[in-house]
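In the working numbering, the protein residues as written are 187 to 348.
As structure tokens, then:
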């Protein structure tokens, strides 16, 4: 078997190529370090942005919890009203709408007509008591008239016949 020994020119070419490669290694390593530093910088920026997003998401979740609690309170408070409304017929709803439409007139009537009458009720009480006393006196006077019982029975008999 014959050994193939390279010639000086080939060995010199290899040496030049090896030296060139060895000389270029620091530049390439520097380029790799620069690229790695940029990648780390971008990764740090990404981590910071991710932290911001996570913080915002946590705030949104907390806000959603508060809104949910408030909504549940409103829902619980309105359940009886919803049940009541579900049981109402169309006619009852229409009547309620008409009533609401009439409320301004009713309020005006209360203020202009009924409230002045209610304001005088404190004076009506003594007048009614006085009227009752007079009615009792008249009744006693009538019962004292001779023959009144006969007239009363006769009137009762006529009412029965009619």
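Glycine residues also receive a C-beta, built at the ideal position from the N, C-alpha and C atoms. Owing to the predicted nature of the structure, the values given are computational and were not obtained by experimental measurement.
Query	Result
Got a sec, what are the start and stop residues for the alpha helix (DSSP H) residue 188 sits in?	It is not in any alpha helix (DSSP H) - residue 188 carries neither H nor E in the DSSP assignment.
Note down the Cα distance separating residue 271 from residue 297, rounded to an integer number of angstroms.	31 Å
Starting from residue 286 and walking both ways along the alpha helix (DSSP H), at which residues does that stretch end?	276-295
For residue 332, which three-state DSSP category applies?	coil
Secondary structure at residue 241, three-state DSSP: helix, strand or coil?	helix
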